[in-house]
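Data block below; observations after.
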Amino acid sequence: GSVVRGRGSRRMNNFKILGKIGEGSFGEVLRAHDKRAGWEEGQERLVALKKIFVRKPEDGIPVGVWREVKCLQHLEHENVVKLREVFVHGSSIVLVMECMECSLHEALRARGHPIGEAKAKGVMRAVLCGLEHVHSVGLIHRDVKPGNLLLSAGGDVKLGDFGLARTHATPDRPYSYQAATRWYRSPELLWSAREYTSAVDVWACGLILAELLTNTPLLPGETDIDQLQRVLALRGTPDVWAADWPEVEGLQDYDKISFNPMPEAPLAPLLGECSEEAVELIDKLLKVCVCLREGVGWCVCVCVCVCVCVCVC
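Right, here's the structure in full:
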């Protein structure tokens, strides 16, 4: 059946708009109160209405919206933002979602200093538990970054924005290597891989954990080539690790970009005051070799990270 259910203004009348959360080229996100009955006693009736403008109705539902809706319909996990319903209102498609307080990016910028190792590990445990569920149903998020990690007023951490998500299965057409935001893009994406795995999400988690510990992005590249340069300056050029990943030589842009040999740099000096355990976790999440990174995130993090309240807003 259609992913969009219900049409007309009647659906919008179910909500009392309380204010605007944000806006962009896609549309706007509104905070609203759900006026309908049917909520469990004591359950928060606040929702977020994500209104996506459809500029040309004949073009149908934008592909990013379609992906997000289809993905969220398959996901039911405490660390994934919940999609309640979808409907059409005028020239917009409205996604009714649970209302979150802010993004991790907004919280870190407002805080201005690191959140501490215990809370950083708590955030990472939540993110990796959510991703483990996403990956278990055959999906890759492909845009894990602080701006897409959402925080509730009570300190819950949830994955949001599945507009770039794709299935694990062999695609009908190659994946785009432009997936993910540059600073959190894995080596295989920077070398223009057209087939890749959930390991791209694991790499992003390693960079996010480092950012949580320092409140500064670890690899803020200005261009894609600069990003790759920073990755190799940190983890070493292929002469260091290529024996573990011989397939790297087959990636589209591998031979197009050459760098002088660089050894692997120590991580600890870049991470401020944190435990050896935290450094080792980031090292495991940031393995250049895909096969050493695949599947490592959730298993390792559950062993290392405890579940704590992560109020950072």
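In this text, residue positions in the sequence shown follow full-length UniProt numbering: the first is 1, and each later residue adds one.
Ideal Cβ placement from N, Cα and C applies to all residues, glycine included.
None of these values were measured; they are calculated from a predicted model.
For a test of the three-state rule: what should DSSP assign to residue i, helix, strand or coil?
{"i": "Thr-214", "result": "helix"}
{"i": "Glu-98", "result": "strand"}
{"i": "Ser-103", "result": "strand"}
{"i": "Pro-160", "result": "Looking at the sequence itself, residue 160 is Gly, so the reference to Pro does not match. Coil, per DSSP."}
{"i": "Leu-267", "result": "coil"}
{"i": "His-113", "result": "coil"}
{"i": "Ile-93", "result": "strand"}
{"i": "Arg-185", "result": "coil"}
{"i": "Leu-219", "result": "coil"}
{"i": "Leu-251", "result": "coil"}
{"i": "Arg-166", "result": "strand"}
{"i": "Leu-207", "result": "helix"}
I need the straight-line Cα distance from residue i to residue j, nearest angstrom please.
{"i": "Ala-48", "j": "Gly-236", "result": "44 Å"}
{"i": "Ala-243", "j": "Leu-218", "result": "26 Å"}
{"i": "Ile-93", "j": "His-141", "result": "22 Å"}
{"i": "Asp-239", "j": "Tyr-196", "result": "22 Å"}
{"i": "Glu-99", "j": "Phe-259", "result": "Correcting the residue identity first, residue 99 is Cys in this sequence and not Glu. About 46 Å."}
{"i": "Leu-150", "j": "Tyr-254", "result": "35 Å"}
{"i": "Glu-277", "j": "Gly-22", "result": "38 Å"}
{"i": "Lys-50", "j": "Pro-266", "result": "43 Å"}
{"i": "Val-134", "j": "Gly-19", "result": "31 Å"}
{"i": "Glu-132", "j": "Val-54", "result": "33 Å"}
To which residues of the same chain is residue i closer than 6 Å at the C-beta, ignoring the five residues directly before and after it?
{"i": "Tyr-184", "result": "Lys-145, Ala-204, Leu-207"}
{"i": "Ala-153", "result": "Glu-101"}
{"i": "Arg-293", "result": "Ala-199, Val-202, Lys-287"}
{"i": "Arg-84", "result": "Val-96"}
{"i": "Gly-64", "result": "Gly-163"}
On the premise that residue j lies in contact with residue i, defined as a C-beta separation below 8 Å, what is that separation, rounded to the nearest angstrom?
{"i": "Glu-247", "j": "Phe-162", "result": "With 8 Å as the limit, Glu-247 and Phe-162 do not qualify as a contact, their Cβ atoms being about 28 Å apart."}
{"i": "Thr-181", "j": "Asp-143", "result": "6 Å"}
{"i": "Gly-130", "j": "Ser-103", "result": "Actually they do not touch by this definition, with Cβ atoms about 14 Å apart."}
{"i": "Gln-227", "j": "Leu-251", "result": "Contact flag wrong, Cβ pair sits at about 15 Å."}
Closer than 8 Å by C-beta to residue i: which residues in its own chain qualify, once you throw out the five before and the five after it? Chain order, please.
{"i": "Thr-214", "result": "Pro-114, Leu-270, Leu-271, Gly-272"}
Problem set entry | Validate contact between the segment 154 to 164 and the segment 124 to 133 using beta carbons, cut 8 Å, 3 pairs | Flag = yes, the segment 154 to 164 and the segment 124 to 133 touch.
For this session: Indicate whether the contact test is met: 3 or more Cβ pairs, each with one atom in the segment 28 to 36 and one in the segment 11 to 19, closer than 8 Å.
Result: Yes, they touch.
Exercise. Should the segment 60 to 80 be regarded as contacting the segment 114 to 121, the criterion being three or more beta carbon pairs within less than 8 Å?
Worked result: Short answer: they don't touch.
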